[in-house]
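Peer 1: Those letters in the sequence shown? Residues 3 to 250, per the numbering used here, in order. By construction, the Cβ of each residue, glycine as well, lies at the ideal position given by its N, Cα and C atoms. This is the structure I have questions about; it appears just below.
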Amino acid sequence: MKEKTFQDAVGFSIKDTIALFWLHETSTQPFYAAELYEQFVDQFPGRRVGYEYVARVAKQLEGEGALSSFTKGRKVYYEATTLGKERLLRYQQIYYERFHEIVLILDRFYYALTKNGEKPPKPDHPLPEEFRAYFSKLISVKDIVRYVTFKLAQTRSSFSMADVAKQIEDLFGWGPSNSYLYTVSWELEEKGYLIGSWPDEKRTRRVLRGTDEANEFFEVIARDLTDQIRTNRRFLHYMLQFFQKKKE
Numbered sequence: 003m004k005e006k007t008f009q010d011a012v013g014f015s016i017k018d019t020i021a022l023f024w025l026h027e028t029s030t031q032p033f034y035a036a037e038l039y040e041q042f043v044d045q046f047p048g049r050r051v052g053y054e055y056v057a058r059v060a061k062q063l064e065g066e067g068a069l070s071s072f073t074k075g076r077k078v079y080y081e082a083t084t085l086g087k088e089r090l091l092r093y094q095q096i097y098y099e100r101f102h103e104i105v106l107i108l109d110r111f112y113y114a115l116t117k118n119g120e121k122p123p124k125p126d127h128p129l130p131e132e133f134r135a136y137f138s139k140l141i142s143v144k145d146i147v148r149y150v151t152f153k154l155a156q157t158r159s160s161f162s163m164a165d166v167a168k169q170i171e172d173l174f175g176w177g178p179s180n181s182y183l184y185t186v187s188w189e190l191e192e193k194g195y196l197i198g199s200w201p202d203e204k205r206t207r208r209v210l211r212g213t214d215e216a217n218e219f220f221e222v223i224a225r226d227l228t229d230q231i232r233t234n235r236r237f238l239h240y241m242l243q244f245f246q247k248k249k250e
């Protein structure tokens, strides 16, 4: 299955990004298409988009009444209309908090995996419920659970999935449902990555320990998870900075 991009996951397409950029830049001064295209490539490195597409989005925004145009010399300049500025504000209101909350989680995971950059602050609140679905579309929840489980197995002689849940919540400010945690746990036992047992007849807390196979698989999971987080985190940070500029 093809991995979803950040834009697929949150419903924010390349076209949305370009439209937002047009509205943002032209809300303070007029731009012509080639000039704005160069600005876009500079501020969003890695976004593969052609000049023609950027110009076409401007035409569409003009047709919708969000941009107006005038000709100076041989160049067609665009500037945001009142309608365009209102649309820009709606974009910000809808997406800023969502992006901000998700990037906090991604930053913590990225640091835990790579130790690059400054260590993010510990979470002081969980990821709001309304943003959990977007996060789970961005990053493989199964990979996160497996990563934290294997990491815990390397430092403890035994543990439980309740310990895994607490680690995820305490370190990252987010966590999957208990039912999902135990689904992954049973799968890992079936595949020989974990060995579990019930310490008493009550069967309320299953004690787990890792195997040598888990240590080997841990490296694979860590690489895959790092790639997922690095890709989506980079784009999200560009967007977050973009919205912050508008807020100032």
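Pick from 79, 134, 121, 84: whose alpha carbon is nearest that of residue 99?
Peer 2: Looking at the Cα atoms, 134 is the closest of the given residues.
Peer 1: Go ahead and label residue 124 buried or exposed: buried means 16 or more other beta carbons lie within 10 angstroms of its beta carbon, across all protein chains shown.
Peer 2: Counting Cβ neighbours within 10 Å, residue 124 comes out exposed, since fewer than 16 surround it.
Peer 1: For the alpha helix (DSSP H) containing residue 87, name the first residue and the last one.
Peer 2: Start and end: 84–116.
Peer 1: What's the C-alpha gap between residue 162 and residue 200?
Peer 2: One C-alpha to the other measures close to 11 angstroms.
Peer 1: Measure the C-alpha to C-alpha separation of residue 116 and residue 65 and round it to an integer number of angstroms.
Peer 2: Distance between the alpha carbons of residue 116 and residue 65 is about 46 angstroms.
Peer 1: What are the boundary residues of the alpha helix (DSSP H) that residue 146 is part of?
Peer 2: Residues 143–157.
Peer 1: Can you grab the Cα-Cα spacing for the pair residue 238 / residue 229, in whole Å?
Peer 2: Going from the Cα of residue 238 to the Cα of residue 229 covers about 14 angstroms.
Peer 1: Tell me the start and end of each unbroken alpha helix (DSSP H) in the stretch 8–58 that is at least 4 residues and wholly inside, in chain order.
Peer 2: Taking only runs of at least 4 residues, the alpha helix (DSSP H) segments lying wholly in the stretch 8–58 are 8–12, 16–27, 35–45.
Peer 1: Short of 6 angstroms in beta carbon distance, which residues of its chain neighbour residue 256, apart from the five on each side in sequence? Order them along the chain.
Peer 2: Lying before the first or after the last residue shown, residue 256 is absent from the chain, which here runs from 3 to 250.
Peer 1: Between the C-alpha atoms of residue 250 and residue 165, what's the straight-line distance to the nearest angstrom?
Peer 2: Any answer about residue 250 is weak, because its pLDDT of 46 lies below 50 and its placement is not dependable; what the coordinates show is given next. Approximately 42 angstroms, taken between the alpha carbons.
Peer 1: Taking the C-alpha atoms as reference points, what is the distance between residue 15 and residue 22?
Peer 2: Cα-Cα distance, rounded: 11 angstroms.
Peer 1: Tell me which residue opens and which closes the beta strand (DSSP E) that residue 253 is part of.
Peer 2: No answer is possible for residue 253: it lies beyond the span of the chain, which begins at 3 and ends at 250.
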